[in-house]
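Colleague: Structure below; questions to follow.
Protein chains in written order, with the working numbering: chain A, 3 to 187; chain B, 3 to 421.
Written out as C-alpha cells, the structure is:
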C-alpha cells in the first residue's frame with residue numbers, strides 16, 4: 003500500500019466521524035477487505051457478512067475516540083475485526099452486541115452476495131498455497147495463533163503438546179513461510 | 003457497488019443518528035421559505051461569497067489586503083517559536099471538543115473558583131497526583147504508580163449540586179497516562195461525588211471515553227448514606243429523563259454462601275425514574291436485604307448492569323441502553339456468633355484463593371468462570387476450606403490436582419507476546 007493510499011484511508015476515517023454519508027464512504031472503501039478477512043477466517047460467507055456487520059457497528063460506536071496519531075485507519079479497523087473474530091471463536095457464536103446496541107436489523111444475504119463474498123477468499127493466493135505446503139502440525143499451529151488469535155496454552159491443549167512446542171511450531175512455520183514467499187518473488 | 007447494500011443503508015442510518023452534526027457557522031446557514039434554517043450547499047456558499055464581494059469591490063479589496071497583512075505579520079511573529087505544521091492533517095474534532103459538544107454543563111462558566119485548590123489539597127478523586135508530600139512517601143509512590151497519572155483539565159472542571167442527595171458532583175474532562183513517562187494517552191471524562199461527611203468517591207483513574215458516554219452514560223453510586231444507596235448518572239445533551247433498572251448483577255458474583263438467585267432477586271427490585279438537570283440524573287435506591295442462615299451480616303458491593311431508557315423533553319425515547327452500576331446489598335445473617343466467626347475466616351480464605359486461581363478449561367480467573375470444571379474447582383476449594391486448610395496448603399493441593407496452570411501467578415510468569 004502506498005503512502006497516498008494510507009493518507010486517503012486516514013482522511014476517509016477522519017471524515018467518517020461527521021455523518022452517515024461520510025461513514026458510508028468509509029464502509030464502501032473497506033467492505034471488501036474486511037469481508038475477505040472474515041471469509042479467510044471462517045470459510046463461510048454468511049458468517050463473514052455477520053462479522054463484518056459487527057465490526058463496522060463497533061467501528062461506528064468507537065469512531066469518536068479514534069486517535070489518528072496512534073495508528074492508521076486500516077490498522078484500527080482490522081484491530082477491531084481481529085477482536086471480533088477472536089471473541090466469536092472464544093465464545094463459539096457470532097458476536098452481535100454492537101449491532102444490537104445500534105439497533106441494526108438482521109442481515110439477509112442473497113445467493114449473489116454469498117457467491118461474491120466466497121470469491122473474496124484467498125484460497126488461491128500465494129500465502130495460502132505456501133501455508134498448505136507446510137507440515138500439518140505447523141499449519142495447525144499457525145492457523146490457530148495467527149489467523150484465529152488464540153492463546154498458546156489453548157493451542158497446546160488442542161494440539162496435545164507442550165506450550166513451548168506450540169510456540170516452536172508457530173515460529174518455525176512462519177520462518178518457512180517467509181522463506182518460501184521470498185523465493186517466489 | 004457494495005456487496006451488502008442492506009448493511010450500508012443500516013450503517014448510514016445509524017451513523018446519521020449517532021454521529022455529531024458538524025457545527026455550521028452563521029454564514030453557512032440559510033433560512034428557507036417556511037422559516038426553517040438549513041445548511042447551505044458549498045456551491046450556494048461560494049455564490050453568496052462572490053455576490054457579496056462583487057457588490058462592494060473597493061471595500062472587499064481593502065479588507066482582503068488587511069487580512070493578508072495580518073496573516074504575514076502573525077507568521078513572522080510565530081517563526082522560530084513553533085514547529086507545528088500550518089494545517090492540521092485531520093479535520094476531525096479532538097475528544098475534548100467532542101466532550102464539550104456533548105455536555106452542556108461544560109459549556110457554561112465554572113461555578114466554583116476554589117475548586118482547583120480544593121482538589122489539590124484535599125482527598126478528591128485526583129488526590130496525590132500533585133502533592134509534594136506524596137512524592138516523599140515510598141508507599142504512596144507505589145500507590146501512585148498503580149493509580150497512573152490522571153490529569154483533569156482545570157479550565158473545564160464543573161460542579162453540579164444535587165440537593166436531593168445533599169451532594170456535589172464534580173465533572174472533570176481528564177487526560178490519562180499510565181505513568182508520567184508514558185507516551186500513551188487516553189482522553190475522556192471522570193466524575194466524582196462529594197457527599198455528606200466530606201467523603202469523595204470517583205470513577206477512574208482511567209476516564210470514560212466520549213463514545214461510551216454517548217452510548218451508555220456514566221454512573222457513580224456512592225452509598226451507603228442514610229440507609230440508602232444514592233447515585234448519579236451523567237448523560238449527554240438532549241436527555242431530559244432516565245428510567246433505570248431493574249438492575250441485574252454481573253455473572254458469578256455471590257458473597258460467601260449466598261445464591262446468585264437470591265442476589266438477582268434482590269437487585270431486581272432496584273429501578274426508578276429521574277429527571278436530568280445539568281446533564282446529571284440522581285437516583286436514591288433502597289438497599290435490598292437478603293436474609294440467610296448460612297452466612298454473617300454485612301454490606302456487600304456488587305457490579306451490576308441496569309437497562310436504561312433515555313427520554314427527550316417531549317417524552318420521546320432517545321435510546322435504550324445499558325448502564326453499569328455498583329450496587330450495595332445488605333445480608334442479614336442468622337449464623338451464631340461462633341459459626342459467624344468461622345464463616346468470616348472461611349470467606350476471607352475463599353476471597354484470597356479465588357483471586358489466585360484460574361479455571362483450567364477456559365483460562366479465566368475463577369471468579370469470572372462458570373464452566374463445569376470451574377464449578378468443580380470451586381467445590382474442591384470449598385471442601386478444603388471446610389477442612390481448615392491454609393491458603394498455601396490449598397494452593398499446593400490445587401496444583402497437585404490440576405497442574406501448575408491452575409494458579410494465575412504460574413500462568414503470567416514468563417509469558418511472551420512473541421509468536
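Glycine residues also receive a C-beta, built at the ideal position from the N, C-alpha and C atoms.
1) What first and last residue would you give for the alpha helix (DSSP H) that runs through residue 234 of chain B?
2) Our contact map puts residue 260 of chain B next to residue 355 of chain B with C-beta atoms below 8 Å; I'd like the distance itself, whole angstroms only.
3) For residue 190 of chain B, count neighbouring C-beta atoms within 10 Å of its own C-beta (all shown protein chains included) and say buried if the count is 16 or more, exposed if not.
4) Just checking: is the beta-carbon of residue 105 of chain A within a distance shorter than 9 Å of some beta-carbon in chain B?
5) Quick check on residue 239 of chain B: buried or exposed, where buried means 16 or more other Cβ atoms within 10 Å of its Cβ?
6) For the candidate residues B/384, B/368, B/387 and B/268, whose alpha-carbon lies nearest to that of residue 407 of chain B?
7) Could you tell me which uninterrupted alpha helix (DSSP H) segments, each at least 4 residues in length, are contained entirely in the region 116-149 of chain A, listed from first to last along the chain?
8) For the region 358-369 of chain B, which residues have a beta carbon sitting closer than 8 Å to at least one beta carbon of chain A?
9) According to DSSP, residue 202 of chain B sits in a beta bridge with which residue or residues?
10) Let me know the alpha helix (DSSP H) ranges lying completely inside the region 236-305 of chain B, each 4 residues or longer, listed in chain order.
11) Starting from the C-beta of residue 459 of chain B, find all residues in its chain whose C-beta is less than 8 Å away, skip the five residues before and the five after it, and write them out in chain order.
12) Beta strand (DSSP E) containing residue 328 of chain B: first to last residue?
13) Leaving out five residues before and five after residue 187 of chain B in sequence, what residues of the same chain have Cβ atoms less than 8 Å from its Cβ?
14) Inspect the beta-carbon positions of residue 166 of chain B and residue 284 of chain B and report whether they are closer than 9 Å.
15) I'd like to know whether the C-beta of residue 179 of chain A is nearer than 9 Å to at least one C-beta of chain B.
16) With DSSP collapsed to three states, give me the class of residue 226 of chain B.
17) Assess, as a yes-or-no matter, whether the region 146-154 of chain A is touched by the region 87-96 of chain A under the definition of 3 or more beta carbon pairs within less than 8 Å.
18) Apart from the five residues just before and just after residue 43 of chain B, which ones in its own chain have a Cβ nearer than 6 Å to its Cβ?
19) Quick check: residue 281 of chain B and residue 107 of chain B, are their CB atoms within less than 9 Å of each other?
20) Is the shortest distance between the beta-carbon of residue 192 of chain B and the beta-carbons of chain A less than 9 Å?
21) At a Cβ cut of 8 Å, what residues of the region 31-59 of chain A count as close to chain B, listed as they run along the chain?
22) What three-state label does DSSP hand residue 97 of chain A in the structure shown?
23) What separation, rounded to the nearest whole angstrom, lies between the Cα atoms of residue 195 of chain B and residue 266 of chain B?
24) For residue 164 of chain B, does the three-state DSSP call read helix, strand or coil?
25) Grouping DSSP H, G and I as helix and E and B as strand, with all else coil, what is residue 372 of chain B?
26) How would you label residue 31 of chain B, buried or exposed, when you count the other beta carbons within 10 angstroms and need 16 or more for buried?
Modeller: So, from the data block:
1) Within the second chain, numbered from 1, the residue matching residue 234 of chain B stands at position 232. Premise fails: residue 234 of chain B lies in the beta strand (DSSP E), 230-236, not in any alpha helix (DSSP H).
2) Position 258 of the second chain holds residue 260 of chain B. Position 353 of the second chain holds residue 355 of chain B. Taking 8 Å as the upper bound for CB-CB distance, residue 260 of chain B and residue 355 of chain B are not in contact here, some 18 Å apart.
3) Residue numbering aside, residue 190 of chain B sits at position 188 when the second chain is read from its first letter. Of the residues assessed, residue 190 of chain B falls on the buried side of the cut-off, its CB having 16 or more other CB atoms within 10 angstroms.
4) Start at 1 with the first residue of the first chain, and residue 105 of chain A comes out as number 103. Taking 9 Å as the threshold, the shortest C-beta distance from residue 105 of chain A to chain B falls below it.
5) Position 237 of the second chain, counted from the start, is the residue given in the question as residue 239 of chain B. Exposed is the call here.
6) In the second chain, the residue the question calls residue 407 of chain B occupies position 405. Residue 407 of chain B has its Cα closest to that of B/368, out of B/384, B/368, B/387 and B/268.
7) Entirely contained in the region 116-149 of chain A, the alpha helix (DSSP H) runs reaching 4 residues are, in chain order, 128-134 and 138-144.
8) Listed in sequence order: 365.
9) Within the second chain, residue 202 of chain B is the residue found at index 200, counting from 1. DSSP, once it has assigned bridges, lists B/196 as partnering residue 202 of chain B.
10) Fully enclosed alpha helix (DSSP H) runs of 4 or longer: 262-269.
11) Since the first and last residues shown for chain B are 3 and 421, residue 459 of chain B lies out of range.
12) Counting from one through the second chain, the residue named residue 328 of chain B turns up at place 326. Element bounds for residue 328 of chain B: 319-335.
13) For this step, residue 187 of chain B is matched to residue 185 along the second chain. Exclusion of the five residues before and after residue 187 of chain B leaves 177, 178 and 179 as the residues of its chain whose Cβ lies within less than 8 Å of its Cβ.
14) On the second chain, position 164 is the one that residue 166 of chain B refers to. On the second chain, position 282 is the one that residue 284 of chain B refers to. In contact: residue 166 of chain B and residue 284 of chain B (Cβ atoms closer than 9 Å).
15) By 1-based counting over the first chain, the position of residue 179 of chain A is 177. Closer than 9 Å: no.
16) The residue given as residue 226 of chain B occupies position 224 in the second chain. Three-state result, residue 226 of chain B: coil.
17) Touching, yes, given that three or more Cβ pairs across the two stretches are closer than 8 Å.
18) Start at 1 with the first residue of the second chain, and residue 43 of chain B comes out as number 41. In this predicted model, residue 43 of chain B has a pLDDT of only 41, less than 50, meaning its place in the structure is not dependable; the value taken from the coordinates is given anyway. Spatial neighbours of residue 43 of chain B in its own chain (CB-CB distance under 6 Å, excluding positions within 5 residues in sequence) are not present.
19) Taking the second chain and counting its residues from 1, one reaches residue 281 of chain B at position 279. Taking the second chain and counting its residues from 1, one reaches residue 107 of chain B at position 105. In this structure, the beta-carbon distance from residue 281 of chain B to residue 107 of chain B falls below 9 Å.
20) Here residue 192 of chain B corresponds to residue number 190 of the second chain, with the count starting at 1. No, because no Cβ of chain A sits closer than 9 Å to the Cβ of residue 192 of chain B.
21) Under the 8 Å Cβ criterion, the region 31-59 of chain A contributes 33, 34, 37, 51, 54, 55, 58 and 59.
22) Looking up residue 97 of chain A in the first chain gives position 95. In the displayed model, residue 97 of chain A falls within coil according to three-state DSSP, outside both helix and strand.
23) Counting from 1 along the second chain, the entry for residue 195 of chain B is found at position 193. Counting from 1 along the second chain, the entry for residue 266 of chain B is found at position 264. Residue 195 of chain B and residue 266 of chain B have their C-alpha atoms spaced approximately 27 Å apart.
24) Within the second chain, the letter at position 162 stands for residue 164 of chain B. In the structure shown, the three-state DSSP call for residue 164 of chain B is strand.
25) What you label residue 372 of chain B is simply residue 370 of the second chain in a count that begins at 1. Of the three classes helix, strand and coil, the one that applies to residue 372 of chain B here is coil, per DSSP.
26) Reading the second chain from its first residue, position 29 is the one you call residue 31 of chain B. Its pLDDT being 36, under 50, residue 31 of chain B is placed unreliably by the model, and nothing is read from it.
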